[in-house]
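Notes follow once the structure below has been shown.
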Amino acid sequence: MTEPAIYINPRDVESIRAMLRGLNRDEVDKANARGINLTLTGVRTDGTKILSDHYALTASAIRDSWKIGKAKFRDPTGVVSSQGTFIRLIKFGARQNNTGVSVKVLKQNPRATIAHAFIARIRGDQRADQVYWRKWKGTHKKPVPGRGYKNLPFQYRFPVKALYGPRIQDYLGDPGIIATLMELAGERLEKNMRHEVDYLLSQVK
2 MTEPAIYINP
12 RDVESIRAML
22 RGLNRDEVDK
32 ANARGINLTL
42 TGVRTDGTKI
52 LSDHYALTAS
62 AIRDSWKIGK
72 AKFRDPTGVV
82 SSQGTFIRLI
92 KFGARQNNTG
102 VSVKVLKQNP
112 RATIAHAFIA
122 RIRGDQRADQ
132 VYWRKWKGTH
142 KKPVPGRGYK
152 NLPFQYRFPV
162 KALYGPRIQD
172 YLGDPGIIAT
182 LMELAGERLE
192 KNMRHEVDYL
202 LSQVK
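Count along the sequence shown from 1, add 1, and you get the number used in our numbering.
Spelled out as structure tokens, the structure:
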């Protein structure tokens, strides 16, 4: 799966090239690296907000999925990308109730209950709760969700399936979202580069 990524290089922006004409080579390299790296963290902030406005996840959980490849003095290209797999459903505010597990995946949607799902740790080395689902095939009385996984007779415990929510990068990879991020990145880059150029020019006065 392709990871959404934003590449930033000030050489691609005519207005920024014009700003840099008053600097020597070393100063240009400094301005490029500093301006780009400030912009990368800003893009991560913008992307995190876009995702946290869409998904019912904490901003910190979303921010952790971002990776920044910083620009260097002699390599004026930076990249910020979001990487990850399908997110464990427990992260979406999972709550056990009398009929299953309720979750809220999208901010705009109400909570929904997954019938017969349950929250548990099914392995001895499991450190965090997970949401599981079991398809009932027996002829005996159906176990009541919420009364504890360990209280079920062993033959009713398996097989179970761990449940996951969406892969948030698929939403981020939408062309419209990428276009919005690129526009915001361009605005941030121009602002940051102007600040860096003004600073360097002030040092030689």
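Every residue gets a Cβ at the ideal spot worked out from N, C-alpha and C, and that includes glycine.
Small disclaimer: the values here were computed from a predicted structure and weren't measured.
Helix, strand or coil: how does DSSP classify Val-106 here?
Residue mapping note: residue 106 aligns to position 105 of the sequence shown, counting from 1. DSSP, read as helix, strand or coil, puts Val-106 in coil.
Starting from the C-beta of Ala-116, find all residues in its chain whose C-beta is less than 7 Å away, skip the five residues before and the five after it, and write them out in chain order.
Sequence index remark: in the sequence shown, residue 116 carries index 115 (1-based). Result list for Ala-116: Thr-100 and Gly-101, in chain order.
Decide yes or no for the touch test of the stretch 15-31 against the stretch 53-65: beta carbon pairs closer than 8 Å, at least 3 of them.
At 8 Å Cβ cutoff, the stretches do not touch.
Kindly indicate the opening and closing residues of the alpha helix (DSSP H) around Ala-62.
Position 61 of the sequence shown, counting from 1, holds the residue named residue 62. 60-64 is the span of the alpha helix (DSSP H), which, as asked, contains Ala-62.
Which value, in whole angstroms, describes the spacing of the CA atoms of Tyr-8 and Leu-201?
By one-based count along the sequence shown, residue 8 stands at place 7. By one-based count along the sequence shown, residue 201 stands at place 200. Straight-line Cα distance between these residues: approximately 25 Å.
Cβ-based neighbour list, Asp-13, same chain, cut-off 6 Å, excluding 5 preceding and 5 following
Within the sequence shown, the letter at position 12 stands for residue 13. No residues qualify anywhere along the chain.
Between Asn-38, Thr-114, Val-198 and Pro-160, which has its C-alpha nearest Ala-186's C-alpha?
Residue mapping note: residue 186 aligns to position 185 of the sequence shown, counting from 1. Looking at Asn-38, Thr-114, Val-198 and Pro-160, the one whose alpha-carbon comes closest to that of Ala-186 is Asn-38.
Identify which residue in Ile-51, Tyr-133 and Phe-119 has its Cα closest to the Cα of Leu-182.
As a position in the sequence shown, residue 182 is number 181, starting the count at 1. Minimum Cα-Cα distance from Leu-182 among the listed residues Ile-51, Tyr-133 and Phe-119 corresponds to Ile-51.
Chain-order list of residues whose beta-carbon lies under 6 Å from that of Leu-164 (same chain, five-residue window excluded):
Within the sequence shown, residue 164 is the residue found at index 163, counting from 1. Contacts found: Leu-90, Val-132 and Trp-134.
Starting from Gly-43, trace the alpha helix (DSSP H) both ways and give me its first and last residue.
In the sequence shown, the residue the question calls residue 43 occupies position 42. Note, Gly-43: alpha helix (DSSP H), 26-55.
Identify, in the order they occur along the chain, each residue of the same chain with its Cβ nearer than 6 Å to the Cβ of Ser-82, setting aside the five sequence neighbours on each side.
Residue 82 sits at position 81 when you count from the first residue of the sequence shown. The residues are Glu-4, Ala-6 and Lys-68.
Report, in whole angstroms, the separation of the C-beta atoms of Gly-36 and Leu-190, which I expect to be a contact under 8 Å.
Numbered from 1 along the sequence shown, position 35 holds the residue referred to as residue 36. Numbered from 1 along the sequence shown, position 189 holds the residue referred to as residue 190. At roughly 6 Å, the Cβ-Cβ gap stays under 8 Å, so Gly-36 and Leu-190 are in contact.
In whole angstroms, what is the alpha-carbon distance linking Glu-197 and Pro-176?
In the sequence shown, residue 197 corresponds to position 196, counting from 1. In the sequence shown, residue 176 corresponds to position 175, counting from 1. So the two alpha carbons sit approximately 31 Å from each other.
Can you grab the Cα-Cα spacing for the pair Asn-110 / Leu-21, in whole Å?
By one-based count along the sequence shown, residue 110 stands at place 109. By one-based count along the sequence shown, residue 21 stands at place 20. Rounded to the nearest angstrom, the two C-alpha atoms are 48 Å apart.
Would you please state the rounded distance, in angstroms, between the beta carbons of His-55 and Lys-108? I believe it to be under 8 Å.
Looking up residue 55 in the sequence shown gives position 54. Looking up residue 108 in the sequence shown gives position 107. Separation of the CB atoms of His-55 and Lys-108 is rounded to 6 Å, and the pair is thereby assigned contact status at 8 Å.
Does the distance from the C-beta atom of Gly-79 to that of Thr-40 stay below 9 Å?
Along the sequence shown, one-based indexing puts residue 79 at 78. Along the sequence shown, one-based indexing puts residue 40 at 39. Contact flag set, yes.
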